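To keep things clear, I will list the structure first and then write my remarks on it.
Protein chains: 2
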Amino acid sequence: MDEIRGKLAGRALGPGEKLPSIRRFAAVMGVSPSTVVEAYDRLAAEGTIVSRPGSGFYVSRSAPSLAIAEVEPRRDMAVDPLWVSRQSLDAGTDVLKLGCGWLPSGWMPNAAIRRAARGLAKADDVVLADYGNTRGSLPLRRLLARQFAAEGLDLRPSQLLLTSSGTQAIDLICRLLLRPGDRVLVDDPCYFNFQALLRVHQVRIVGVPFTPTGPDPSLFSEALAAHRPRLYITNSALHNPTGATLSPQTAHRILNAAAAHDLTIVEDDIFADLEPEPSPRLAALDGLSRVIRIGSFSKTLSASVRCGYVAARSDWIEALVDLQVATSFGGPSPVAAELVYATLSDGSYRKHLDALRRRLSKARREAAGKLERLGIRPWLMPRGGFYLWCELPEGLDAAELARAALREKLVLAPGDVFSPSRSAGGFMRFNVAQMSDPRAIALLSRAMDGADR
Amino acid sequence: MDEIRGKLAGRALGPGEKLPSIRRFAAVMGVSPSTVVEAYDRLAAEGTIVSRPGSGFYVSRSAPSLAIAEVEPRRDMAVDPLWVSRQSLDAGTDVLKLGCGWLPSGWMPNAAIRRAARGLAKADDVVLADYGNTRGSLPLRRLLARQFAAEGLDLRPSQLLLTSSGTQAIDLICRLLLRPGDRVLVDDPCYFNFQALLRVHQVRIVGVPFTPTGPDPSLFSEALAAHRPRLYITNSALHNPTGATLSPQTAHRILNAAAAHDLTIVEDDIFADLEPEPSPRLAALDGLSRVIRIGSFSKTLSASVRCGYVAARSDWIEALVDLQVATSFGGPSPVAAELVYATLSDGSYRKHLDALRRRLSKARREAAGKLERLGIRPWLMPRGGFYLWCELPEGLDAAELARAALREKLVLAPGDVFSPSRSAGGFMRFNVAQMSDPRAIALLSRAMDGADR
Chain A
1 MDEIRGKLAG RALGPGEKLP SIRRFAAVMG VSPSTVVEAY DRLAAEGTIV
51 SRPGSGFYVS RSAPSLAIAE VEPRRDMAVD PLWVSRQSLD AGTDVLKLGC
101 GWLPSGWMPN AAIRRAARGL AKADDVVLAD YGNTRGSLPL RRLLARQFAA
151 EGLDLRPSQL LLTSSGTQAI DLICRLLLRP GDRVLVDDPC YFNFQALLRV
201 HQVRIVGVPF TPTGPDPSLF SEALAAHRPR LYITNSALHN PTGATLSPQT
251 AHRILNAAAA HDLTIVEDDI FADLEPEPSP RLAALDGLSR VIRIGSFSKT
301 LSASVRCGYV AARSDWIEAL VDLQVATSFG GPSPVAAELV YATLSDGSYR
351 KHLDALRRRL SKARREAAGK LERLGIRPWL MPRGGFYLWC ELPEGLDAAE
401 LARAALREKL VLAPGDVFSP SRSAGGFMRF NVAQMSDPRA IALLSRAMDG
451 ADR
Chain W
1 MDEIRGKLAG RALGPGEKLP SIRRFAAVMG VSPSTVVEAY DRLAAEGTIV
51 SRPGSGFYVS RSAPSLAIAE VEPRRDMAVD PLWVSRQSLD AGTDVLKLGC
101 GWLPSGWMPN AAIRRAARGL AKADDVVLAD YGNTRGSLPL RRLLARQFAA
151 EGLDLRPSQL LLTSSGTQAI DLICRLLLRP GDRVLVDDPC YFNFQALLRV
201 HQVRIVGVPF TPTGPDPSLF SEALAAHRPR LYITNSALHN PTGATLSPQT
251 AHRILNAAAA HDLTIVEDDI FADLEPEPSP RLAALDGLSR VIRIGSFSKT
301 LSASVRCGYV AARSDWIEAL VDLQVATSFG GPSPVAAELV YATLSDGSYR
351 KHLDALRRRL SKARREAAGK LERLGIRPWL MPRGGFYLWC ELPEGLDAAE
401 LARAALREKL VLAPGDVFSP SRSAGGFMRF NVAQMSDPRA IALLSRAMDG
451 ADR
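Chains A and W are the protein sequences, given in the same order. In terms of UniProt numbering, the first sequence opens at residue 1 and continues consecutively. In terms of UniProt numbering, the second sequence opens at residue 1 and continues consecutively.
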């Protein structure tokens, strides 16, 4: 393949020209004819050459140039709720992503996923080839239902809908329940993508100030009375970006206020498996009457094997199934669900989580110590997870610092992208796992020096 | 695990009770302690038992019942554009799906996918664990760009966005270009899910009568003048449900009319690889100026490994990337893209397609012959693909027949679900690959006898 590509690049072979016969090329290269057949087949598969049965192989008439430049993330983008995602997803491997929302790949249970991939190679044809049913893999839904039951949330597997991501789960719920112009409550600060997603739905975002034990209950009630929102989206456990945990009292008050105003709540439980011990859940208290639980496996298992879920009332699930068929055809990838199921039911997964929680706990302490020396102070010390929501030194603007950091090949997550009221310009969210990179503090310190103050 | 489950089912162990110690249970069962550790870990992973470090394993307080009934597809649903999808996706393995839109799993390139899965087990941690970039796998986009170039459509890999399905690709385009109340042109008949998807977007659907060489060009122009639609969605090659192919003259006239009325066209190329030889493509003629090409690998590679794509103008791709991040976070599963890339670049894939086309050609002739004997006649004989769009005997209503067929455990695809004007009540779409099942004709004949005439 390299030899033929070289001839194309050096114009020794032009568009439409015939390639050497398999026999002749095998003799020239000193390889077996079957090796040449395979190379020609692969070049044909990628469209570089074409086969004309009975005649031989020819260079495609429009053989494309071989060096194709790929775009880099643009640096001139506005620092808005999409900024962190785009910058960190599209960053090169030389970029340090202290602001990103995932663990370094080496921290994930890759050995279990490799075992799952080897198991997949032996799966039934049906698993490898077919769409699967509309709710997604029944074994995975049964496993999730058993886990939820162990947490006090009883539901039938038919009340679970698998999706291709946690975000897609929320998107489907928004499609079902929201109309343009509706109001939606979020925490201030909240996960930036809630805002990006809600903008797509053309709804009005109302922020409720967030405290170390959840949304401020009095302001929450006031917001319900004043704005009559249709939906509230939140993380109860290990809140993004603060790492805070909902207290039982706040949970109770939120649910009562929701009942009084007929509010539906989406509880995004994506960080649940990173908790050292269980904390209150709105879905469990409410029993899925007005709370919808969503989650995914991107933070603890793999963000590459994409799979999320919705747990909700049966009538809502039925409607969400139709919406997912209409907009994605069918449920999530059965192959992805099989990989997730195999990994979750692998005996090693629980041990992986135990070790991960210990590792994160150590990384959190170390990151806090290092940041403290730069005058950056955590708003609270979370019980688990990988975020530290920190206050910057007086006068330092987070968006300015994030722009300066890009020049140092450092992606940060400035506070205002999380804040609907844009009142978090003095805050920054750090990923303590990514902070364990030895370059982190030096680069961050340089970026601080480079930022306009 | 079976032993413990048996104790739970027989109430020999109740919620909160302690399990036998690992050592004791190993002795009782005559297995090694490590076997018991693995069984307990797996039971803990699924939530049936919990581990209390230093104390042992306990039955979860809310151990769920072990036999959990799963819902069947409901039979009382309206025969609407979602009907075929729901009935065929959720059908049991004993149901014959003559109306479904995919090949039997045994017809797919499963050996190549198994090789790809074994390759995945050796992939980099980054491929297994990370989100990947926002446009999706660069190697796969490069391969697609080379294939498209070979078909006369030059584009940069950055003009390609991978999605989690072809349907999701169209959904993102609708989100970008449509507003509620807009008009959208489709073929009459067209793929039923175009209608289901467009209903989600709350647009008005305008059907253009379809001929054996594409949409009727005069009526197409008239519809543009009368309704000023924003978008036209079509399959040019091996049109769903008719199997027809766009002629060069029609393609040219459609594009001219589109230019005159500033219409954007979505060309869904999902059946392209099933064509015996290339046919005209709007995207290639137009050069991606007002045509957007979408596709997926569900029909020829795997519907379980979900991956689709959009090829479009750079500015549209840039906007679609943001929309996909906001609504799904990131691109499609990098694991899925890796499996697709490995399979497409496997030298065996081209041979698989050649063999598949021959097999389909034979199945098509045989199915047409069998149907003919029941008085069911193809509207045209397609050049490729797996659909036969057939006219039923006089007086037989397709929806009635489809309902009667459900009682025979047969899922059919009645004409009106494809027809925006609901003028195809005398037509039925058959899947010739599924028709090769020996039970097909006997069951269909029984259903015809059972249908009210």
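We put the CB at the ideal spot given by N, CA and C, even for glycine. Since the structure is predicted, the reported quantities are computational estimates derived from the model, not experimental observations.
Residues that DSSP places opposite residue i in a beta bridge
{"i": "methionine 428 (chain W)", "result": "W:Cys390, W:Pro414"}
{"i": "lysine 97 (chain W)", "result": "According to DSSP, lysine 97 (chain W) bridges with nothing at all."}
{"i": "aspartate 187 (chain A)", "result": "A:Val208"}
{"i": "aspartate 268 (chain W)", "result": "W:Ile294"}
{"i": "threonine 163 (chain A)", "result": "A:Gly308"}
{"i": "serine 51 (chain A)", "result": "A:Phe57"}
{"i": "glycine 214 (chain W)", "result": "W:Thr211"}
C-beta neighbour in chain W for residue i, strict 9 Å
{"i": "tyrosine 309 (chain A)", "result": "no"}
{"i": "glutamine 147 (chain A)", "result": "yes"}
{"i": "methionine 428 (chain A)", "result": "no"}
{"i": "leucine 120 (chain A)", "result": "yes"}
{"i": "valine 79 (chain A)", "result": "no"}
{"i": "proline 64 (chain A)", "result": "Here the model assigns proline 64 (chain A) a pLDDT of 43, short of 50, so the residue's position is not dependable, and the following value carries that caveat. Taking Cβ atoms only, chain W reaches closer than 9 Å to proline 64 (chain A), which makes this a yes."}
{"i": "glycine 99 (chain A)", "result": "no"}
Proximity of residue i and residue j at Cβ, strictly below 9 Å
{"i": "proline 229 (chain A)", "j": "valine 266 (chain A)", "result": "no"}
{"i": "valine 36 (chain W)", "j": "leucine 128 (chain A)", "result": "no"}
{"i": "valine 342 (chain W)", "j": "alanine 116 (chain W)", "result": "Per the sequence shown, residue 342 (chain W) should be read as alanine rather than valine. The answer is yes: Cβ separation under 9 Å."}
{"i": "isoleucine 317 (chain A)", "j": "serine 88 (chain A)", "result": "no"}
{"i": "glutamate 391 (chain A)", "j": "proline 378 (chain A)", "result": "yes"}
{"i": "valine 310 (chain A)", "j": "leucine 198 (chain A)", "result": "no"}
{"i": "leucine 231 (chain A)", "j": "valine 291 (chain A)", "result": "no"}
{"i": "alanine 398 (chain A)", "j": "methionine 428 (chain A)", "result": "yes"}
{"i": "aspartate 286 (chain W)", "j": "asparagine 235 (chain W)", "result": "no"}
{"i": "glycine 243 (chain A)", "j": "glycine 369 (chain A)", "result": "no"}
{"i": "leucine 82 (chain A)", "j": "valine 325 (chain W)", "result": "yes"}
{"i": "arginine 253 (chain W)", "j": "serine 289 (chain W)", "result": "no"}
{"i": "serine 105 (chain W)", "j": "aspartate 94 (chain A)", "result": "no"}
Cut-off 6 Å between Cβ atoms - residues of its own chain near residue i, not counting five sequence neighbours on either side
{"i": "histidine 352 (chain A)", "result": "Pro109"}
{"i": "phenylalanine 57 (chain A)", "result": "Leu19, Tyr40, Ile49, Ser51"}
{"i": "isoleucine 68 (chain W)", "result": "The pLDDT assigned to isoleucine 68 (chain W) is 33, lower than 50, so where the model puts this residue is not dependable; a value taken from the coordinates is nonetheless given after this. Once the five neighbours on either side are set aside, isoleucine 68 (chain W) has no close Cβ partner at all."}
{"i": "arginine 141 (chain A)", "result": "Pro157, Leu160"}
{"i": "glutamate 72 (chain W)", "result": "Residue confidence is low: glutamate 72 (chain W) scores 48 on pLDDT, short of 50, so the model does not pin down where it sits. No coordinate-derived value is stated."}
{"i": "aspartate 346 (chain A)", "result": "Ala112"}
{"i": "serine 421 (chain A)", "result": "Asp188, Gly207"}
{"i": "alanine 121 (chain W)", "result": "none"}
{"i": "isoleucine 441 (chain W)", "result": "Lys370"}
Test: residue i CB closer than 9 Å to a CB of chain A
{"i": "glutamate 3 (chain W)", "result": "no"}
{"i": "glutamate 70 (chain W)", "result": "Because glutamate 70 (chain W) carries a pLDDT of 42, less than 50, the predicted location of this residue cannot be relied on, and the following value inherits that uncertainty. At least one chain A Cβ lies under 9 Å of glutamate 70 (chain W)."}
{"i": "methionine 108 (chain W)", "result": "yes"}
{"i": "leucine 231 (chain W)", "result": "no"}
{"i": "lysine 7 (chain W)", "result": "no"}
{"i": "asparagine 193 (chain W)", "result": "yes"}
{"i": "asparagine 431 (chain W)", "result": "no"}
{"i": "proline 393 (chain W)", "result": "no"}
{"i": "glycine 287 (chain W)", "result": "no"}
Neighbourhood of residue i by C-beta distance below 8 Å, restricted to the same chain and skipping five residues each side
{"i": "leucine 176 (chain W)", "result": "Trp316, Ala319, Leu320, Leu323"}
{"i": "alanine 257 (chain A)", "result": "Pro217, Phe220, Ser221, Leu224, Leu263"}
{"i": "residue 454 (chain A)", "result": "Since the first residue of chain A shown is 1 and the last is 453, residue 454 (chain A) is not available in this structure."}
Cβ-based burial, residue i [other Cβ within 10 Å; buried from 16]
{"i": "valine 31 (chain A)", "result": "exposed"}
{"i": "proline 438 (chain A)", "result": "exposed"}
{"i": "glutamine 147 (chain W)", "result": "buried"}
{"i": "glutamine 249 (chain W)", "result": "exposed"}
{"i": "serine 165 (chain W)", "result": "buried"}
{"i": "proline 334 (chain W)", "result": "buried"}
{"i": "threonine 245 (chain A)", "result": "buried"}
Same chain, Cβ closer than 7 Å to residue i, five either side skipped, listed in chain order
{"i": "aspartate 273 (chain A)", "result": "Thr300, Leu353"}
{"i": "glycine 152 (chain W)", "result": "Ala284"}
{"i": "serine 302 (chain W)", "result": "Met108, Ile113"}
{"i": "serine 21 (chain A)", "result": "Gly56"}
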